[in-house]
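Novice:
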Amino acid sequence: MQPMAKKSDLLPGTLDLLILKTLTRAPQHGYGIALSIKQSSQDFLTVEEGSLYPALQRLLLQGWVKAEWKKTETNRRARYYTLTQSGRKQLGVELSQFQRMIAAIGRVLQDA
Amino acid sequence: MNSLLRFFRQFWILLRREKFNNELEEEMAFHREHAEKQLQADGLPPQAAQHAARRQFGSALRLKEASHDIVGFRFESVLQDFRFALRQLRKNPGFTATAALMLALGMCASIAIFAFVDAALLKPLPYRDPSTLVAVFESTSAFPHSNLSYPDYLDWKKLNTVFRSLDIFDGNEMILTTPSGAQPTHGARVSDGFFRTLGVAPVLGRDFAPGEDLPSAARTVLLSYATWQQRYGGNKDVLGQTVVLDGNANVIIGVLPADFHFAPAEPAAFWTTMHASSGCDIRRSCHGLYGVARLKDGVSLSTALANVTAIAAQLEKLYPDDNMGQGASLTTLTEYIVGDIRPILFVLLCGAGLLLLIASINVASLLLVRSESRKREVAVRTALGASRVRLTRQFVTEGLVLVAAGSVLGLGSAYWTMQLLTKLIPQNMLARMTFLRGLGFTARVWVFAAIISVLAAALFSLTPTLHFSWSQIRDSLAEGSRAHAGNTWRRVGSKLVVLELATAVVLLVGAGLLGKSLYLLLQVDIGMRPEHLATLSIDAPNSNYEKNPQAIALERRVIREMAVLPGVESVGITSDIPVTHWGNTTWLRVLGRPWNGHDHIDVPERDVNPEYFTTLGAKLVRGRYFTEGEDASKPHVVIINQAFAKEYFPGEDPIGKQLSHISVAPDPMEIVGIVQDIKEGQLDTVNQGAVYIPFEQSPNNYFNVVLRTSQAEQSLLPAMRAAIHQIDPDIITPAGSSMLEVINGSPSAYMHRSSAWLVGGFALLALLLGIVGLYGVVAYSVSQRTREIGIRMALGAQSRSVYQLILKEAGRLIAIGLVIGLVCSIAAATLMRTLLFSVRSWDVPTLAAVAAVLAIFALLASYIPARRAASLDPVETLRAE
Chain Y
474 MQPMAKKSDL
484 LPGTLDLLIL
494 KTLTRAPQHG
504 YGIALSIKQS
514 SQDFLTVEEG
524 SLYPALQRLL
534 LQGWVKAEWK
544 KTETNRRARY
554 YTLTQSGRKQ
564 LGVELSQFQR
574 MIAAIGRVLQ
584 DA
Chain C
374 MNSLLRFFRQ
384 FWILLRREKF
394 NNELEEEMAF
404 HREHAEKQLQ
414 ADGLPPQAAQ
424 HAARRQFGSA
434 LRLKEASHDI
444 VGFRFESVLQ
454 DFRFALRQLR
464 KNPGFTATAA
474 LMLALGMCAS
484 IAIFAFVDAA
494 LLKPLPYRDP
504 STLVAVFEST
514 SAFPHSNLSY
524 PDYLDWKKLN
534 TVFRSLDIFD
544 GNEMILTTPS
554 GAQPTHGARV
564 SDGFFRTLGV
574 APVLGRDFAP
584 GEDLPSAART
594 VLLSYATWQQ
604 RYGGNKDVLG
614 QTVVLDGNAN
624 VIIGVLPADF
634 HFAPAEPAAF
644 WTTMHASSGC
654 DIRRSCHGLY
664 GVARLKDGVS
674 LSTALANVTA
684 IAAQLEKLYP
694 DDNMGQGASL
704 TTLTEYIVGD
714 IRPILFVLLC
724 GAGLLLLIAS
734 INVASLLLVR
744 SESRKREVAV
754 RTALGASRVR
764 LTRQFVTEGL
774 VLVAAGSVLG
784 LGSAYWTMQL
794 LTKLIPQNML
804 ARMTFLRGLG
814 FTARVWVFAA
824 IISVLAAALF
834 SLTPTLHFSW
844 SQIRDSLAEG
854 SRAHAGNTWR
864 RVGSKLVVLE
874 LATAVVLLVG
884 AGLLGKSLYL
894 LLQVDIGMRP
904 EHLATLSIDA
914 PNSNYEKNPQ
924 AIALERRVIR
934 EMAVLPGVES
944 VGITSDIPVT
954 HWGNTTWLRV
964 LGRPWNGHDH
974 IDVPERDVNP
984 EYFTTLGAKL
994 VRGRYFTEGE
1004 DASKPHVVII
1014 NQAFAKEYFP
1024 GEDPIGKQLS
1034 HISVAPDPME
1044 IVGIVQDIKE
1054 GQLDTVNQGA
1064 VYIPFEQSPN
1074 NYFNVVLRTS
1084 QAEQSLLPAM
1094 RAAIHQIDPD
1104 IITPAGSSML
1114 EVINGSPSAY
1124 MHRSSAWLVG
1134 GFALLALLLG
1144 IVGLYGVVAY
1154 SVSQRTREIG
1164 IRMALGAQSR
1174 SVYQLILKEA
1184 GRLIAIGLVI
1194 GLVCSIAAAT
1204 LMRTLLFSVR
1214 SWDVPTLAAV
1224 AAVLAIFALL
1234 ASYIPARRAA
1244 SLDPVETLRA
1254 E
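These protein sequence lines are chains Y and C, in that order.
For what it's worth, my numbering labels the leading residue of the first sequence as 474, then goes sequentially.
For what it's worth, my numbering labels the leading residue of the second sequence as 374, then goes sequentially.
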């Protein structure tokens, strides 16, 4: 079975980074996170639901985010994810890693 | 720290799995709803928006599984696989039971036989450093392992430079005096250092002290652990108590360890010291003891042998009258104890292994057929999103469950098989195979069983897995691809069947050869009619019967009492029962021939009464039997057997010639008769020259009664024993049985019979499994070719040509299997030469019979599906497709 083609493939490992970064602004529910990433990337990045929820579970297990059920503006129940202290630390680590990677890739591409 | 927290969170989720699922579902529903709204806002109609959202979202189930994989523990999915495997296997009880039973059968046979191998060959003997222990013998031309005499032992001990210590032992029947009368028991006499040489220390009390085996020392005895437990209730105060053995009082000084055994002297309840003071013990010419020694560090067996051979040569020169022709021989103690049983166990282990192989192949083919029929299921599950890894894990789990069930059954039945096989060993042989006390589930047996299980598990889980990587799964969804898949199976399956048939041939040939050996062995001319003969050995105490007139009086009384028992036709007396051994020899020379003073004829001597030969049903070749009253007062006479006449009187008439013992002044014995060879030794031995002397000219207080009776022999034994005890309650009657039992229970007959039956059993099972395997392949091939056959018949093929089609295919497999099997079995039979008796390893009738039997059964097995194919209704078949 071939996996279904994706609209735009994320670099591996960047989904966690994007989620953590999104949550620095405000607690969000899953749909909100996906929407936020889509909008901030001006529709370039689409987070697949198939990856989003497993990723959220992973972050929960690591203790980088917390989840609680709250009412939305439209008075619906939704699970909101909040960044924890260790999540903020992790974001720093991942961010610097990511920037080093981008810089490295950039240098390679320049030389070529 | 972090991973610990992670574990707790994971565990927390596991406990609230229901809640987790609900929340996840709610969250995703929320997401889907919002996505749908967004799409509607973008201008899509509601219905289309819903579909688009669903499509974008993908399979909700798969999404949930992805989340589960992250928060779930690994064992959860394993558990799931396990439950699914159980369900699958339950759904197919026929398959499951057949596969598990076949595996259990193979495991049972191989584990049980391995346990025997372990107890006899792998488990080290219970002595310190057994590899440096050797069994020490003298040797003669007739007996490569003959016994030491006590004076020789003392000289060997003094003169040798290769042994750290040398000791002797001798297992015997003994008379135990108890308050309720004399009882037969078994004991051993050993020299003082015997247990120190073995490196065994008593668990209670002390070992024999140096010098305690001398005639001047007080008599002492060590108890075997079993005797201590059974006869003395395990009381510690046995030390210092007295035991009367053979009329001598012995003080108990210790108890041997529970795991101690020493097969060559067993069964021994009491271990006493030599006390060589009279008779055979002090005569150098009386070779009756066994030696055991511990080699000095760095001394090899051959070095040691060279040393003792030189000593024996030296003694031969010094004492030609006593030691003429007495050499030396050594073997490792391990070889001496288990050497005889090694080839038979090796053959049995190979047989069991082959059976296991066939059983495994059969199960593997069953799994292949099954995975063939599950091809659709797999394809559907793959299409629904099951990953390759997950599917593989599923098959592995099913294989493991199957192996687990087979293993449990196999282990359980192996336990019972061990008990059963032990019970099948005759009691008197089992008593001497003391090493079998260690039989059971030892660590090594567990490891062996574990290895088999792991291999089986690997085989059974890999078979279907590999099968699915052979063929493209997606193809299976397409109609009409079945022929292709069937071909794969037919190719592999038919190879497996050839292997199975070849293995079955090897086992059948092995069983055939062993069976023929047994048959020929039991057909051996033993020079008598063994039916309706009852035998009883009589051991009268030295105190009242040691003198010749006493022994003769007893013999006459015994004959009188026996003759009046109901149904008794005649009474024979002999010093040794036939079909036991060629030992108890005497040294003779022919009078009237030039003699150098020490050359001699070394042949078995049997002291018999006049009626002995007619009682046995022996055949007189020439001359006469002994007559009543031929006792010491009459001229001495002797009867020789044909082998003796042929060897020592070639071209001469022996009747009237005179023989004489050599170590004393000539005592002429006239040869009065020649009797046809009676098999004195084991059935598989060659006849040797033997002499028969009138009992009353060479009496002894130990002899055997042989009765010819018109009644059942067994029913006579109690009356015989009672009559003997009537004469004197202190006389013991250690062994009594019918002559047929003596012959059938003799070690050679037993060895041949047990190996023939066991390998025969393995072979029958192998034949059955192989035939079932062949049937499976042919039947499957027919079911795959139904359509082809239907078309052929619709186009006018006769049922004869359909038979041909199927049987040709089966015939090819059978032929290849037969040829491979026959070649392999000749090689295998060469390996088990030592177990064959007057049969060559390439015995043509056996090979031909096996080939015929296998071919007939195999053709029969393929005929059934062929007939089904030939009776197909072509219209039916084509419609069904």
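The C-beta atom is built at its ideal place from N, Cα and C for all residues, glycine as well.
(1) Run through chain C and tell me which residues come within less than 9 angstroms of residue 453 of chain Y, C-beta to C-beta.
(2) Give the range of the alpha helix (DSSP H) segment to which residue 582 of chain Y is assigned.
(3) Looking at residue 1147 of chain C: is its Cβ nearer than 8 angstroms to the Cβ of residue 1235 of chain C?
(4) According to DSSP, residue 621 of chain C sits in a beta bridge with which residue or residues?
(5) Should residue 1174 of chain C be counted as a contact of the ligand MN given a C-beta to heavy atom distance under 7 angstroms?
(6) How should residue 481 of chain C be labelled, buried or exposed, when 16 other C-beta atoms within 10 angstroms of its C-beta is the threshold for buried?
(7) So what's residue 667 of chain C in DSSP terms, helix, strand or just coil?
(8) Indicate whether the contact test is met: 3 or more Cβ pairs, each with one atom in the segment 628 to 643 of chain C and one in the segment 595 to 603 of chain C, closer than 8 angstroms.
(9) Taking 8 angstroms as the CB-CB limit, is residue 1188 of chain C close to chain Y?
(10) Does any CB atom of chain Y fall closer than 8 angstroms to the CB of residue 383 of chain C?
(11) Determine the chain C residues that contact residue 551 of chain Y at a beta-carbon separation under 7 angstroms, and present them in chain order.
(12) Count the CB pairs spanning the segment 874 to 886 of chain C and the segment 1184 to 1199 of chain C that are closer than 8 angstroms, and state whether there are at least three.
(13) Skipping 5 residues on each side, what residues in its chain have a beta carbon closer than 7 angstroms to that of residue 1082 of chain C?
(14) How do the segment 1220 to 1240 of chain C and the segment 736 to 756 of chain C stand: do at least 3 beta-carbon pairs fall below 8 angstroms, yes or no?
(15) Considering only residues of the same chain and omitting the five flanking positions on each side of residue 851 of chain C, which have a CB-CB separation below 8 angstroms?
(16) Given a cut-off of 8 angstroms on the beta-carbon distance, is the pair residue 576 of chain C and residue 623 of chain C in contact?
(17) Can you find the residues in the same chain that come closer than 6 angstroms, C-beta to C-beta, to residue 536 of chain C, ignoring five residues on each side of it along the sequence?
(18) With distances taken from CA atoms, which of C:1246, C:678 and C:612 is nearest residue 1164 of chain C?
(19) For chain Y, find out if any of its Cβ atoms is closer than 8 angstroms to the Cβ of residue 439 of chain C; answer yes or no.
(20) Just the C-alpha distance for residue 678 of chain C and residue 706 of chain C, rounded to the nearest angstrom, thanks.
(21) Please list, in chain order, the chain Y residues whose beta carbon lies closer than 9 angstroms to that of residue 396 of chain C.
(22) Starting from the N-terminal side, write out each stretch of the alpha helix (DSSP H) that is 4 residues or longer and does not extend beyond the segment 877 to 948 of chain C.
(23) Can you list, in chain order, the residues of its chain whose CB lies under 8 angstroms from that of residue 1030 of chain C, leaving out five sequence neighbours each side?
(24) For the candidate residues C:984, C:723 and C:1211, whose alpha-carbon lies nearest to that of residue 1056 of chain C?
(25) Compute the Euclidean distance between the alpha carbons of residue 701 of chain C and residue 988 of chain C, then round it to the nearest angstrom.
(26) Does the beta-carbon distance from residue 1265 of chain C to residue 731 of chain C come in below 8 angstroms?
(27) Using a C-beta to C-beta distance shorter than 8 angstroms, which residues of chain A count as neighbours of residue 379 of chain C?
(28) With DSSP collapsed to three states, give me the class of residue 1093 of chain C.
(29) Please report whether the beta-carbon of residue 500 of chain Y lies at a distance below 8 angstroms from any beta-carbon of chain C.
(30) How would you call residue 849 of chain C, buried or exposed, if buried means at least 16 neighbouring beta carbons within 10 angstroms?
(31) If contacts are defined as beta-carbon pairs under 8 angstroms, then residue 783 of chain C and residue 476 of chain C qualify, I think. What distance do you get, rounded to the angstrom?
(32) Note down, in chain order, each residue of its chain lying with its Cβ closer than 8 angstroms to the Cβ of residue 1094 of chain C, except the 5 sequence neighbours on either side.
(33) Which class does residue 695 of chain C belong to by DSSP, given the choice of helix, strand or coil?
(34) Going along chain C in order, which residues have a C-beta closer than 7 angstroms to the C-beta of residue 512 of chain Y?
(35) Can you give me the C-alpha to C-alpha distance between residue 494 of chain Y and residue 502 of chain Y, rounded to a whole angstrom?
(36) Could you check the C-alpha separation between residue 507 of chain C and residue 519 of chain C for me, to the nearest Å?
Specialist: Once the coordinates are examined:
(1) Residue 453 of chain Y lies beyond the range of chain Y shown here (474 to 585); nothing can be said about it.
(2) 558 to 584
(3) yes
(4) C:618
(5) Of ligands this structure carries none, so the ligand MN is not represented either.
(6) buried
(7) strand
(8) yes
(9) no
(10) yes
(11) 403
(12) yes
(13) 905, 907, 940, 941, 942 and 1089
(14) no
(15) Because residue 851 of chain C carries a pLDDT of 49, less than 50, the predicted location of this residue cannot be relied on, and the following value inherits that uncertainty. For residue 851 of chain C, where only same-chain residues beyond five positions count, there are no Cβ hits under 8 angstroms.
(16) no
(17) 666
(18) C:1246
(19) yes
(20) 14 angstroms
(21) 540, 542 and 552
(22) 915 to 918 and 921 to 936
(23) 963, 964, 965, 1022, 1043 and 1044
(24) C:1211
(25) 40 angstroms
(26) This structure does not reach residue 1265 of chain C, given that chain C is present from 374 up to 1254, and the question cannot be answered.
(27) No chain A is part of this structure, whose protein chains are labelled Y and C.
(28) helix
(29) no
(30) Per-residue confidence for residue 849 of chain C stands at a pLDDT of 49, beneath the threshold of 50, marking its modelled position as unreliable; no derived number is given.
(31) 7 angstroms
(32) 909, 1106 and 1109
(33) helix
(34) In chain order: nothing, as chain C lies at least about 11 angstroms away.
(35) 14 angstroms
(36) 15 angstroms
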